[in-house]
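Residue numbers (our numbering): 9 to 90.
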Amino acid sequence: MAVGAAVGGWHALWVLLVLLGMGQGFLDYILKLHFIDLPLRVTAFDWPTAGALVGVTVLLGFVARALFALVWNGLNARRGAR
9 MAVGAAVGGW HALWVLLVLL GMGQGFLDYI LKLHFIDLPL RVTAFDWPTA
59 GALVGVTVLL GFVARALFAL VWNGLNARRG AR
């Protein structure tokens with residue numbers, strides 16, 4: 009659950025930046041730090057889109073954690089069987 013919460017929390021922070029009108033400046037700053045010059049534009053805030061962004065990233069974080077746990081437990085079960 010920690011992975012889903014972390015990924016969802018990071019995207020919730022992005023949603024907050026867009027809601028406060030700070031998303032474009034933040035994006036421009038981060039891209040400039042990476043020596044990237046792209047003509048990207050942050051669009052207007054939209055609650056359904058914001059909810060979908062956070063919800064999908066939380067879900068994908070949960071799925072990634074579950075898959076990692078399955079692989080981890082499978083590998084460790086084989087080691088214990090020896």
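All residues carry an ideal CB built from backbone N, CA and C; glycine is no exception.
Distance check for residue 81 and residue 70, CA to CA, integer angstroms please. Taking the straight line joining both Cα atoms gives about 16 Å.
Boundaries (first-last residue) of the alpha helix (DSSP H) holding residue 34: From DSSP, the alpha helix (DSSP H) with residue 34 extends over 31–41.
Could you give the distance in angstroms between the alpha-carbon of residue 67 and the alpha-carbon of residue 17? If I take the Cα positions, the gap works out to 12 Å.
Distance, Cα to Cα, residue 15 vs residue 52? Spanning the two alpha carbons is a distance of roughly 22 Å.
Contact set for residue 23: own chain, Cβ-Cβ below 7 Å, skip 5 residues either direction: Excluding residues within five positions, the ones whose Cβ falls inside 7 Å are 58, 61, 62.
Terminal residues of the alpha helix (DSSP H) in which residue 25 lies: Looking at the DSSP string, the run of the alpha helix (DSSP H) that includes residue 25 is 10–27.
CA nearest to the CA of residue 20, picked from 73, 64, 78, 72: When each option's Cα is compared against that of residue 20, the closest is 64.
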